[in-house]
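Residue numbers (our numbering), protein chains in the order written: chain E, 1 to 352; chain R, 1001 to 1352.
Now the structure itself:
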């Protein structure tokens, strides 16, 4: 297994197989950890950064937590490969663009990614399709335990795990789900959703996290505080109080649209979207996200029956700029990508 | 033959069979005539208006110039029927909305329409598909001669035929062509076209004449002055000097688009247009005009091969508001029309 193989396969989280996958695309948990006796990354000397990367890489690779995975040295990786890993949600933009030694260990099915020398020394992530937060937490705790056999985490008796950013101090746990909320967008109820998230101290953000816009009705919902709560409390509040409300709210909006007086207006949008995806000769990312989002809604509502949900999910990823270039094995400008994107979409959608 | 049959047939001018029909949809010539010894319409008393309508109707019907046609008493006609005749270019908006006795005689193939009590006592029109101005002028002169056997036209030795509006005095002849100029629109060269028309004392207007906007890249080009020139001069200037330039200019622009670096951009527009027309569940008139215009271009460029040009031409007419309602035999609001329009377009385009 190596980096170049990634574009040939679908990440586990795109399989649209998990629970509540109509609304919850994927579940993600992340732990932030730092080595005791070493400064945070931003305070490290270059030689300490190099030492950290070598030591952590060695232990992660030796620890067997990656299964049949591989390690990517991001300092040596090409910009296009780094961008591809960002698009696949396997590394952060921060890690992609950093200037010091750094890397990421990725399991073969891409459910596990361990970033070395991100803002914290280690950031471990489990990413799974649908609503699988409990399983993801179990899995990340096993990884944390395995690494703790080898490494000594910076831990404070009163505060908990110490992290570079205060918002991560405590459990170091961030949980998030990627939500598809097209009906709430269409019915103009997203504002309410944003208010509700704020009231529950949750963050609702665009597809690629902080500071990115919400593309094609996709949102990341995550907890904001990790201090003063146990893992158990954080997970329970998130999965039992907040999330079911969002899912139900979106499903009600879909039902109202699909069976109410605006039914024809909705069908019009859905059938136009699939027609454009199948016919356009040029398409930019924004339009693609907008149209695929409507098609995803159409598949979930049973309006479109000849395209599997997994194909739609995969297209979101395959048509991102870096994926497109890696998949077709040539560098392209925006105009060339728009043409290649349209062609790829057409081909994939006509295969079914 | 009667009014209700009109929606079941395609007007001759939609057949896309005449010369230069890629650019020239139709050719129209019109003569304005007034009876000697009677005031212009706007100066008539109500009883004079009634007398005029009865006398003119009688002579037109008896004259045999209508072939196998029929006369429509517009005072008795329903608003929807009057609107339908406007959409078919058989009467003017002015005549449709006037409040006094008036009517129109229409030949079975709709090439001839004689409006009674328009701005002038009689306005005779010949409308034919493609570039057939010479034939149209021959035909209208025969009609004029036939009616002159029965009626005495207001004529002045120095000015020529007298008309209600000074711009028609002289020959009373207006010639016009409906042009489809999508490529000049796409290449941003329409401004030049408008300037050229003004320099040649020609008027370039929207689809339904004065004061209407140019819908879907369709324009009416017509002569502006009729005084001080013979019929022959007017026709020669128009058909030999002005028109060939427009046709050539549009054809060059099409060629540049279809075979130049913007080729993919053009294909993108064309294939999106046909896809939307075949898939939308709601469509308003403006969008329909825009999309059908692109499809018409696509058919003419050989990009779309499974739809005859006549089908495209007919759809422009059949999907106009009044036609839609007469064809489906029910009154509809804008929203209902948008749904019915989308359905009708889809059906017509899938028949091929």
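Every residue, glycine too, gets a C-beta built ideally from N, C-alpha and C.
First through last residue of the alpha helix (DSSP H) which encompasses residue i
i: residue 327 of chain E; result: 321-328
i: residue 63 of chain E; result: 46-63
i: residue 80 of chain E; result: 79-87
i: residue 1350 of chain R; result: 1334-1350
i: residue 234 of chain E; result: 231-236
Collapsed DSSP secondary structure at residue i in the structure displayed
i: residue 203 of chain E; result: strand
i: residue 31 of chain E; result: strand
i: residue 1178 of chain R; result: strand
i: residue 40 of chain E; result: coil
i: residue 245 of chain E; result: helix
i: residue 1070 of chain R; result: strand
i: residue 1021 of chain R; result: coil
i: residue 155 of chain E; result: strand
i: residue 90 of chain E; result: coil
i: residue 1173 of chain R; result: strand
Residue i: contacting residues in chain E (beta-carbon distance under 8 Å)
i: residue 1311 of chain R; result: Within chain E, no residue comes near residue 1311 of chain R; the closest Cβ sits about 19 Å away, beyond 8 Å.
i: residue 1276 of chain R; result: 272, 275, 276
Chain-ordered chain R contacts of residue i [CB-CB under 8 Å]
i: residue 279 of chain E; result: 1271, 1272, 1274, 1275
i: residue 339 of chain E; result: 1264
Buried/exposed call for residue i, threshold 16 Cβ in 10 Å
i: residue 222 of chain E; result: buried
i: residue 68 of chain E; result: exposed
i: residue 27 of chain E; result: buried
i: residue 1188 of chain R; result: exposed
i: residue 1174 of chain R; result: buried
i: residue 1316 of chain R; result: buried
i: residue 1311 of chain R; result: buried
i: residue 1232 of chain R; result: exposed
i: residue 1097 of chain R; result: exposed
i: residue 281 of chain E; result: buried
i: residue 1129 of chain R; result: buried
i: residue 286 of chain E; result: exposed
i: residue 296 of chain E; result: buried
i: residue 43 of chain E; result: exposed
i: residue 1267 of chain R; result: buried
i: residue 1030 of chain R; result: buried
i: residue 16 of chain E; result: buried
i: residue 323 of chain E; result: buried
i: residue 318 of chain E; result: buried
i: residue 145 of chain E; result: exposed
i: residue 103 of chain E; result: buried
Chain R residues whose Cβ lies nearer than 9 Å to that of residue i
i: residue 265 of chain E; result: 1281, 1282
Chain C within 8 Å of residue i, Cβ atoms only
i: residue 1268 of chain R; result: No chain C appears in this structure, whose protein chains are E and R.
Residue range of the unbroken beta strand (DSSP E) whose run includes residue i
i: residue 1220 of chain R; result: 1218-1223
The ligand MN heavy atom lying under 7 Å from the CB of residue i
i: residue 1290 of chain R; result: Absence of the ligand MN is noted for the structure shown, with no ligands found whatsoever.
Secondary structure, beta strand (DSSP E): runs of 3+ residues fully inside the region 95-135 of chain E: 103-106, 112-116, 122-129
Runs of 4 residues minimum, wholly inside the region 1266-1324 of chain R: which ones carry the alpha helix (DSSP H) assignment? 1285-1300, 1309-1318
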